[in-house]
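Student: I have a structure I would like to understand better, so I am pasting it below and will then ask my questions one at a time.
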């Protein structure tokens, strides 16, 4: 029996906190049918009537990475065989993380119709966005496999660490989706703001250049979350070892975002339906 | 078994102008105080549902009557669980089927079958549940081979048939409807009415907004008359709208 109660008691902070946690748990774990169907539909809709479909992304990334790799490897005086795999992995992971952050702003705004008609955990819409990007990432993973084979990486432990790394990025994506989603639904100025921050971050993050060419300003990379998030996938994929400090940074960041997401849900979750319209 | 209890339920919508949505104004307001207070601080609120109380037990067929903007749809959305009341007590028990926008979530480029699935999960059905119902739904729509085609090739009537068939395939304790759903040409309309009646009969509670007095007398056993978001009177439509009166209304 599904029971729904709103009362003075349900409006207390304690009860709101409980509902916030429940929303996340239910949305992620028990609405898989819905968010996976919606995410697949999003992908189908985007590539309807195209023969190659989402593989166009793979092709685009491959062309982009090869062309830039060819030119920049001379610019940065790197060997082609080292450099192209490096930017290939970095770029794919960057695309995954950055599109999650950008699309996080619109998770609730784009679900306006559903939010106003039916009761669903709000996290369902967030998971739809993360899963959609995970599907795109899976298509790009072909490039990742090619890289792993060409660099001859056969370190099982490092390769295995890729799975929890991608899982962690996805979990982080859910919490970022909640935080940005709620903020953007209330304050629409945050959307372009996030857009410009992401753009700047792209140039501040070691994707086309290596972090170790920095000396005095290395701290700028150390404090850059994007760098650590990329590194937990890139380093082990290239066989350069599992970066412990980046893992700690990513875990710490996810922890902070978990707390923030629950806080923001506790305070504002019940207002989302009023704000989307 | 369904059950609804509402006690002083109130819903207020904030009306945002572009300035209100802007973070800049909120921050400026916080730092400069007085000067921008009028544009950023004073938030316009619309009270769409104002202290509504009622109780619905199994067997209740409640009709919501009222002018446009009297709060009928908002109240339905509150009952569907979309809006949380700003104040008051609300309790609903049982699976709620919201038939407020039956084409919601349908994808023009997806086939009829894909849309049955999409719409089904959106209504809260599990994939297994949909699989057991898909044949029955397909048969009811009479769309045949069209179900294999993208629904953008459908006429608007065919569209509605499909949406209607999926939406009414849910088993619910509480059915929420904005106007009695009526779709298709004459023969289909009859079939649809039978199906909708069946769904409503299987449910224990119906809450429906409508302007039709004839419909209220036929379907409902209670009417809540809303004005400016509050209930101004409650009556039994079968007594109020006698057959003679219904004829007048129908003319």
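Protein chains in written order, with the working numbering: chain A, 43 to 319; chain B, 2 to 252. No residue lacks a Cβ here, since even glycine has one placed at the ideal position from N, Cα and C. Since this is a predicted model, take the numbers as computed values, not measurements.
#1: Could you list the residues in the region 82-93 of chain B with a C-beta less than 7 Å from some C-beta on chain A, going in chain order?
#2: Rounded to whole angstroms, what is the Cα-Cα separation between residue 3 (chain B) and residue 46 (chain A)?
#3: Any beta carbon from chain A within less than 7 Å of residue 7 (chain B)'s own beta carbon?
#4: If you drop the 5 nearest sequence neighbours on each side, which residues of the same chain put their C-beta closer than 6 Å to that of residue 139 (chain A)?
#5: Helix or strand or just coil, what does DSSP make of residue 240 (chain A)?
#6: In chain order, what residues of the same chain lie with their CB nearer than 8 Å to the CB of residue 262 (chain A), ignoring the 5 residues before and after it?
#7: So the candidates are A:73, A:62, A:55; which of them puts its Cα closest to the Cα of residue 307 (chain A)?
#8: Along chain A, which residues have their Cβ under 7 Å away from the Cβ of residue 25 (chain B)?
#9: Between residue 278 (chain A) and residue 133 (chain A), what straight-line distance do the alpha-carbon atoms span, to the nearest angstrom?
#10: What separation, rounded to the nearest whole angstrom, lies between the Cα atoms of residue 150 (chain B) and residue 111 (chain B)?
#11: Using the C-alpha atoms, what's the distance from residue 141 (chain B) back to residue 211 (chain A)?
#12: Which residues, taken in chain order from the region 92-107 of chain B, show a beta carbon closer than 8 Å to some beta carbon of chain A?
#13: Would you be able to state if there are at least three C-beta pairs under 8 Å between the region 200-218 of chain A and the region 97-106 of chain A?
#14: Where does residue 178 (chain B) fall in DSSP's three states?
#15: Should residue 171 (chain A) and residue 154 (chain A) be called a contact, given that it needs their Cβ atoms to be closer than 7 Å?
#16: Just by C-beta distance, which residues in the region 195-217 of chain B are closer than 8 Å to chain A?
#17: Should the region 132-141 of chain B be regarded as contacting the region 162-173 of chain B, the criterion being three or more beta carbon pairs within less than 8 Å?
#18: Residues of the region 54-69 of chain B with a CB closer than 9 Å to any CB of chain A: list them in chain order, please.
#19: What's the gap between the Cα of residue 317 (chain A) and the Cα of residue 310 (chain A)?
#20: Return the Cβ separation of residue 288 (chain A) and residue 274 (chain A) in integer angstroms, given the expectation that the two are a contact with Cβ distance under 8 Å.
#21: Return the residue from the list A:230, A:152, A:269, A:120 that minimises the CA-CA distance to residue 84 (chain A).
#22: Output needed in chain order: residues of the region 49-60 of chain A with a Cβ under 9 Å from some Cβ in chain B.
#23: Could you pull out every residue in the same chain whose Cβ sits closer than 7 Å to the Cβ of residue 210 (chain B), ignoring the five residues on either side in sequence?
#24: For residue 78 (chain B), go through chain A and note every residue whose CB falls closer than 9 Å to its CB, in chain order.
#25: Would residue 165 (chain A) be called buried (16 or more neighbouring beta carbons within 10 Å of its own) or exposed?
#26: Can you tell me which of the three DSSP states residue 52 (chain B) falls into?
#27: So residue 120 (chain B) packs on residue 83 (chain B), CB below 8 Å; how close in whole Å?
#28: Around the C-beta of residue 188 (chain B), are 16 or more other C-beta atoms found within 10 angstroms, so that it is buried, or is it exposed?
#29: Since residue 90 (chain A) meets chain B, which of its residues come closer than 7 Å, beta carbon to beta carbon?
#30: Three or more C-beta pairs under 8 Å: does that hold for the region 197-217 of chain B against the region 51-61 of chain B?
#31: Quick check: what's the CA-CA separation for residue 11 (chain A) versus residue 290 (chain A)?
#32: With which residues is residue 206 (chain B) paired in a DSSP beta bridge?
#33: With 7 Å as the threshold, decide whether the Cβ of residue 122 (chain B) is near any Cβ in chain A.
#34: Give the secondary structure of residue 14 (chain B) by DSSP, where H, G and I count as helix, E and B as strand, and everything else as coil.
#35: Please report how far the alpha carbon of residue 238 (chain B) lies from the alpha carbon of residue 156 (chain B), in whole angstroms.
#36: Would you tell me roughly how many angstroms separate the C-alpha atoms of residue 204 (chain A) and residue 112 (chain A), rounded to the nearest one?
Tutor: According to the structure data:
#1: So the close ones are 82, 83, 84, 85, 86, 90, 91, 92, 93.
#2: Near 11 Å, if we compare the C-alpha coordinates of residue 46 (chain A) and residue 3 (chain B).
#3: Not one chain A Cβ lies under 7 Å of residue 7 (chain B).
#4: Excluding positions up to five away in sequence, the list reads 271.
#5: Three-state DSSP puts residue 240 (chain A) in a helix.
#6: Non-local C-beta neighbours of residue 262 (chain A) in its own chain, meaning closer than 8 Å and more than five positions away in sequence, comprise 246, 256, ordered along the chain.
#7: Checked all of A:73, A:62, A:55; the closest Cα to residue 307 (chain A) is A:62.
#8: Under the 7 Å cutoff, chain A gives 231.
#9: Rounded to whole angstroms, residue 278 (chain A) to residue 133 (chain A) spans 15 Å at the Cα level.
#10: Straight-line Cα distance between these residues: approximately 8 Å.
#11: Distance between the alpha carbons of residue 211 (chain A) and residue 141 (chain B): 45 Å.
#12: Taking 8 Å as the Cβ-Cβ cut-off against chain A, the residues of the region 92-107 of chain B that qualify are 92, 93, 94, 95, 96, 97, 99, 101, 102, 105, 106.
#13: No contact exists between the region 97-106 of chain A and the region 200-218 of chain A.
#14: Looking at residue 178 (chain B) - three-state DSSP - the assignment turns out to be strand.
#15: No, Cβ-Cβ distance for residue 171 (chain A) and residue 154 (chain A) is not below 7 Å.
#16: Cβ contacts with chain A: none found.
#17: Three or more Cβ pairs drawn from the region 132-141 of chain B and the region 162-173 of chain B lie within less than 8 Å of each other, which places the two stretches in contact.
#18: Using a CB distance below 9 Å, no part of the region 54-69 of chain B faces chain A.
#19: Roughly 10 Å separates the two Cα atoms.
#20: At roughly 5 Å, the Cβ-Cβ gap stays under 8 Å, so residue 288 (chain A) and residue 274 (chain A) are in contact.
#21: Ranked by how close their Cα comes to the Cα of residue 84 (chain A), the residues A:230, A:152, A:269, A:120 have A:152 in first place.
#22: Residues passing the 9 Å Cβ filter: 49, 50, 52, 53.
#23: Cβ within range, chain order: 65, 73, 74, 77, 179, 180.
#24: Contact note: residue 78 (chain B) reaches chain A through 158, 159, 315, using a C-beta cutoff of 9 Å and chain order.
#25: The C-beta of residue 165 (chain A) has 16 or more other C-beta atoms within 10 Å across all chains shown, which makes the residue buried.
#26: Assigned with DSSP and collapsed to three states, residue 52 (chain B) falls in strand.
#27: The pair is not a contact, with the Cβ atoms about 17 Å apart (cut-off 8 Å).
#28: By the neighbour-count criterion, in which a residue is buried when 16 or more other Cβ atoms sit within 10 angstroms of its Cβ, residue 188 (chain B) is exposed.
#29: Here the neighbours are 110.
#30: Result yes; three or more Cβ-Cβ pairs closer than 8 Å.
#31: The requested residue 11 (chain A) is not part of the displayed model; chain A covers only 43 to 319.
#32: Bridge partners of residue 206 (chain B): B:175.
#33: So, interface residue.
#34: Residue 14 (chain B) falls in the strand class under three-state DSSP.
#35: Rounded to the nearest angstrom, the two C-alpha atoms are 37 Å apart.
#36: Each residue's Cα considered, the two are about 26 Å apart.
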